[in-house]
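Read through the structure below, which is laid out as structure tokens, and then see the notes.
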Amino acid sequence: MARIALLPEGSVSHEAALHLAGHDHQFVHYKLISDVFLSTARGDSEYSVIPIENTIEGSVNLHMDWIVHEVDLPFQAEWVFPSIQNLIGRREELQGDWGSIQKVMSHPVAMAQCMQYIRKYLPHAELEHVSSTAEAINIVKQNPGRGWAAIGTTVGAHTHGLDILAPTVTDHNNNFTRFVLIGRKPLELPPSTAHKTTILVTLPEDFPGALHQVLSAFAWRRINLSRIESRPTKRKLGSYYFYIDVEMALDTVLLPAAIEEIEAIGCQVRILGSYPSYSYEFSLADSNGRGNK
């Protein structure tokens, strides 16, 4: 049984980890994402669950920077999970009156995913950001009678014994989050037909057209790139690396040759991992309306 570090019980990370790994492993919950990373880096856990990208909000840059700059833990798997948020509180406090909700709390990313709903139904409410959806639910639990509500998961509501005042308040039905499992060795998981390799490419400073040549190394081999994103190297202004997701395992013939070609023009290449990729079969039937508004 592996120890897997992740954000608090009842968070989207918790739901996503249950989806990937079930109940066969020991989950170790932390309030802060930095503590999740450090738990695995110092050996208190074997793996960490890290959300790195969202359909609506894009990349989670803080988490990506931790992966690149703070720890050296390769990707062992990635999976996609629907980020379905709910309005959570005490039904007896609501009494059918949305005006009784004085404050809504959640993680800033989760809050941003629900702003259309908030503007329409809770425009009077104060909004407060906290470190996770699970923390928001716990704060509401600890403060009865104040008209506070949280945006969070079904698991979080059940964990803390609160009511789902309105289900599925997320603004878009196609709201998914991409998670990665990082650790020093592979975790035994169900077989997957899809594999990815993630690399970081730093261009030489005195080589005009280097990015074009990097992309050409993949293009003429017909290697598909599902993501390419620039991030600052943090060494000096104007210095960037490129974060690239390649839809191919590293143990093929074509990808190592492409990497050798990139290195030959003076680029630095760091491999963040080659790993199985799991999609999520999602039906709109799972998102059955907006509940009682």
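So the sequence shown is residues 0 to 292, counted in numbering that gives the first Met the number 0. Beta carbons are placed, not taken as given, at the ideal position from N, Cα and C, and that holds for glycine.
{"query": "May I have a chain-ordered list of the alpha helix (DSSP H) segments no shorter than 4 residues that lie completely inside the segment 115-146?", "result": "132-141"}
{"query": "Given residue 111, which residues of its chain have a CB within under 8 Å of its CB, disregarding the five upstream and five downstream residues?", "result": "55 and 56"}
{"query": "Drop a sphere of 10 angstroms on the beta-carbon of residue 81, count the other beta-carbons inside from all chains shown, and report buried for 16 or more, exposed for fewer.", "result": "buried"}
{"query": "Considering Cα atoms alone, identify which of 240, 254 and 188 is closest to residue 200.", "result": "240"}
{"query": "Please go through the segment 254-285 and give each complete beta strand (DSSP E) segment of 3 or more residues, from N-terminal end onward.", "result": "267-277"}
{"query": "What residue ranges within the segment 145-186 form continuous alpha helix (DSSP H) runs of no fewer than 4 residues, ordered along the chain?", "result": "153-158"}
{"query": "What is the DSSP secondary structure of residue 289, counted as helix, strand or coil?", "result": "Interpretation of residue 289 is limited by its pLDDT of 35, a score under 50 that renders its predicted location unreliable; the figure taken from the coordinates is listed afterwards. Three-state DSSP puts residue 289 in coil, outside helix and strand."}
{"query": "Quick check on the burial criterion: 16 or more other C-beta atoms within 10 angstroms. Buried or exposed for residue 279?", "result": "exposed"}
{"query": "Might you give, ordered along the chain, the residues of its own chain that have their beta carbon closer than 6 Å to the beta carbon of residue 225, omitting 5 neighbours on each side?", "result": "244 and 246"}
{"query": "Nearest to residue 65 by CA position, among 231, 249, 16 and 274, is which residue?", "result": "231"}
{"query": "Do you know how far the Cα of residue 253 is from the Cα of residue 25?", "result": "38 Å"}
{"query": "Using DSSP bridges, identify the partner residues of residue 223.", "result": "Bridge partners of residue 223: none, in fact."}
{"query": "What's the C-alpha gap between residue 168 and residue 213?", "result": "42 Å"}
{"query": "Of the choices 38, 14, 22 and 18, whose alpha-carbon is the least far from that of residue 358?", "result": "Absent from the model: residue 358. The displayed extent of the chain is 0 to 292, so no value can be given."}
{"query": "Considering only residues of the same chain and omitting the five flanking positions on each side of residue 15, which have a CB-CB separation below 8 Å?", "result": "48, 50, 78, 80, 176 and 178"}
{"query": "So, is residue 10 buried or exposed, given that buried needs 16 or more other C-beta atoms within 10 angstroms?", "result": "buried"}
{"query": "I need the DSSP call for residue 20, collapsed to helix, strand or coil.", "result": "helix"}
{"query": "Is the distance from the Cβ of residue 181 to the Cβ of residue 72 below 8 Å?", "result": "yes"}
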